[in-house]
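When the sequence shown is numbered by my numbering, its final residue is 553 and no position is left out of the sequence of numbers. C-beta atoms are modelled at their ideal positions from N, C-alpha and C, and glycine is treated no differently.
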Amino acid sequence: MPATWIHALCLGVWLLLLLLPRLARAEGAVPIAITCFTRGLDIRKERADVLCPGGCSLEEFSVFGNIVYASVSSICGAAVHRGVIDTSGGPVRVYSLPGRENYSSADANGIQSQTLSRWPASFAVTKGKGSTQEATGRAVSTAHPPAGKRLKKTPEKKTGNKDCKADIAFLIDGSFNIGQRRFNLQKNFVGKVALMLGIGTEGPHVGLVQASEHPKIEFYLKNFTSAKDVLFAIKEVGFRGGNSNTGKALKHTAQKFFTADTGVRKGIPKVVVVFIDGWPSDDIEEAGIVAREFGVNVFIVSVAKPIPEELGMVQDVAFVDKAVCRNNGFFSYHLPNWFGTTKYVKPLVQKLCTHEQMMCSKTCYNSVNIAFLIDGSSSVGDSNFRLMLEFVSNIAKTFEISDIGAKIAAVQFTYDQRTEFTFTDYNTKENVLAALGNIRYMSGGTATGDAISFTVRNVFGPIRDSPNKNFLVIVTDGQSYDDVRGPAAAAHDAGITIFSVGVAWAPLDDLKDMASKPKESHAFFTREFTGLEPIVSDVIRGICRDFLESQQ
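Structure (structure tokens):
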């Protein structure tokens with residue numbers, strides 16, 4: 002062998018010996034000890050070696066995705082799901098990945114993962130290194146300090162899901178009917194629902210009440226505004242036992258839970274989700290009435306309905322229909338049992354986030370009176386008049402019209418005024434939309450000022466004591482022959498918020514003179530009648546914005 006080769010070989014061996022200790026240290030790095038609940042988003046490294054503890058319950062894991070997991074998932078849960086470790090724990094290597102859409106679900110190794118439409122970060126797991134190493138250092142925990150110690154406040158508060166603003170009380174069953182084992186499964190299900198809701202400062206807030214012999218409020222809306230703190234608080238709730246006095250607990254929740262001191266927010270739907278395993282021991286109908294009077298939307302989640310042989314022990318077999326906010330199927334939800342409940346989480350969350358259906362709480366969808374003042378002058382024409390009616394109908398159909406909900410009225414004007422229907426004429430959405438579709442075009446001049454005064458006097462006057470907030474939507478295509486400023490100011494003074502919508506030749510000055518303040522968000526204009534359609538959502542958002550501001 003040439004001398005130069007021998008020299009090079011010796012140099013290579015020397016370098017390898019020099020690097021081996023570093024490689025060994027890197028490969029055999031001591032993994033970070035984590036908890037059963039540590040999530041991917043809690044590890045802020047592109048690659049990390051962690052050590053999952055043994056004894057984690059499969060039912061406690063929240064896992065979203067398959068192979069690639071949303072970072073909100075439990076790392077140890079994902080590792081078990083992937084087959085990297087089993088419930089005895091072990092080392093896991095975590096790789097941070099970008100966010101994605103459409104995380105799929107899969108049933109693997111005893112864990113049913115959940116679907117998720119979108120999440121900003123992901124991770125993947127493989128078998129970890131250093132299995133013989135003893136983990137050192139503090140465990141990375143999302144929200145599980147030692148029992149008995151007060152939770153530290155999260156430094157950064159998440160805003161949460163802004164499209165799902167609701168104040169929610171979970172009323173769980175803590176009676177002997179459910180027992181200790183199913184009670185824990187129930188808590189696990191509630192935790193999954195809470196996680197998917199998107200809890201945050203500007204999203205849903207949740208609290209928890211336990212029904213048993215005597216109700217106990219476990220924590221209030223104001224106590225926690227992050228999902229991880231809520232999950233810890235749910236986990237710490239102990240089983241009480243006793244009779245299932247659900248009616249007593251629901252009444253107590255409606256009267257004592259939703260107060261300003263306990264964290265309830267103005268203008269936000271109030272919701273109670275009542276879990277009943279079997280049937281209640283007491284009368285729940287009266288509690289449902291009290292809840293509706295307090296503006297609370299009651300959902301009933303029933304599990305293991307009574308079989309025919311047990312019906313004789315049930316005080317009222319129609320207890321679900323009598324307790325819910327509305328007996329229309331929307332407010333009742335059934336689970337066959339407490340096992341394999343993951344697939345029921347998302348449908349329940351979707352119900353809780355559908356605010357336009359929350360008929361029992363005051364929202365912009367069910368606590369407003371909206372009168373439409375429609376220009377029927379000759380310059381409009383019959384075909385364009387139909388487009389105006391379509392515009393008005395598209396706004397009206399968004400609201401929950403009922404005898405205790407939103408009210409709609411319509412007035413057509415030229416030089417004269419004609420009341421098409423008042424707030425008290427129709428109490429259903431179907432009848433209102435039919436009445437709007439049957440309005441006949443008048444034709445004539447344009448006297449918008451007189452029409453505003455007529456509407457304030459004859460349409461809003463009879464319902465001046467209504468608890469709903471009043472709105473007037475004016476749709477016109479031309480300049481008024483009379484003064485609009487004085488009548489509009491009188492309407493504003495009467496507590497009526499005006500939105501003015503102009504088409505074609507409607508002067509912008511007139512629109513601003515009629516509109517409420519700020520003018521730029523209450524006055525709209527389009528050159529063509531076909532341009533009315535995009536304004537529908539602007540008016541609806543404006544009504545909801547003004548309503549919420551009036552509640553604060």
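What is the residue span of the alpha helix (DSSP H) that residue i lies within?
i           : result
residue 92  : Counting along the chain, residue 92 falls outside any alpha helix (DSSP H), though it belongs to the beta strand (DSSP E) covering 91–104.
residue 209 : Here residue 209 belongs to no alpha helix (DSSP H); instead the beta strand (DSSP E) covers 206–212.
residue 237 : 228–237
residue 413 : Taken as a continuous stretch (DSSP letters only), residue 413 belongs to no alpha helix (DSSP H), being part of the beta strand (DSSP E) at 408–414.
residue 454 : 449–456
residue 384 : 383–397
Put residue i into one of helix, strand or coil per three-state DSSP.
i           : result
residue 335 : strand
residue 285 : coil
residue 31  : coil
residue 167 : coil
residue 497 : strand
residue 354 : coil
residue 243 : coil
residue 544 : helix
residue 130 : coil
residue 550 : helix
residue 421 : strand
residue 512 : helix
residue 538 : helix
residue 526 : strand
residue 118 : strand
residue 173 : strand
residue 402 : strand
residue 459 : helix
residue 488 : helix
residue 426 : coil
residue 293 : helix
residue 263 : helix
Can you tell me where the beta strand (DSSP E) holding residue i begins and where it ends?
i           : result
residue 188 : Premise fails: residue 188 lies in the alpha helix (DSSP H), 180–198, not in any beta strand (DSSP E).
residue 323 : Element bounds for residue 323: not the beta strand (DSSP E) but the alpha helix (DSSP H), 320–324.
residue 110 : Where residue 110 is concerned, there is no enclosing beta strand (DSSP E), given that its DSSP letter is neither H nor E.
residue 271 : 271–278
residue 49  : 48–53
residue 298 : 297–304
residue 430 : Looking at the DSSP string, residue 430 is not in any beta strand (DSSP E); the run it does join, the alpha helix (DSSP H), is 430–438.
Return the residue from the list the options that minimises the CA-CA distance to residue i.
i           : options               : result
residue 242 : 206, 403, 183 and 223 : 183
residue 536 : 92, 547 and 524       : 524
residue 161 : 41, 120 and 297       : 120
residue 362 : 97, 326, 458 and 434  : 326
residue 368 : 405, 393 and 340      : 405
residue 612 : 322, 411 and 122      : Residue 612 lies beyond the range of the chain shown here (2 to 553); nothing can be said about it.
residue 465 : 481, 492 and 336      : 492
residue 203 : 228, 181 and 249      : 228
residue 112 : 71, 130, 59 and 159   : 59
residue 239 : 257, 224 and 220      : 220
residue 348 : 91, 430 and 333       : 333
residue 109 : 103, 82, 116 and 122  : 82
residue 114 : 79, 288, 278 and 230  : 79
residue 73  : 375, 41 and 489       : 41
residue 171 : 301, 230 and 342      : 301
residue 402 : 416, 433, 379 and 374 : 433
residue 66  : 98, 117 and 92        : 117
residue 104 : 122, 377 and 179      : 122
residue 125 : 483, 93 and 258       : 93
residue 407 : 480, 62, 225 and 425  : 425
residue 287 : 279, 75 and 252       : 252
Per the DSSP calculation, residue i is bridged to which residue(s)?
i           : result
residue 520 : DSSP, once it has assigned bridges, lists no residue as partnering residue 520.
residue 75  : 40
residue 531 : Answer is none; residue 531 lacks a bridge partner.
residue 70  : 66 and 124
residue 372 : 410 and 473
residue 502 : 476 and 525
residue 87  : 90
residue 590 : What the structure shows of the chain is the stretch from 2 to 553, and residue 590 is not part of that stretch, so it cannot be assessed.
residue 220 : 209
Am I right that residue i and residue j are in contact with their C-beta atoms under 8 Å? What's the rounded C-beta distance?
i           : j           : result
residue 167 : residue 95  : Not quite, the Cβ-Cβ distance comes to about 34 Å (not below 8 Å), so this is no contact.
residue 207 : residue 196 : In fact, because the Cβ distance is near 10 Å, the residues do not count as touching under 8 Å.
residue 64  : residue 101 : So it is not a contact: roughly 15 Å between Cβ atoms.
residue 247 : residue 292 : 12 Å between Cβ atoms; not a contact.
residue 507 : residue 477 : 5 Å
residue 386 : residue 345 : About 49 Å; that fails the 8 Å criterion.
Flag residue i as yes if its beta-carbon sits less than 8 Å from any beta-carbon of chain D, otherwise no.
i           : result
residue 209 : Within the model displayed, chain D is absent; a lone protein chain is all it includes.
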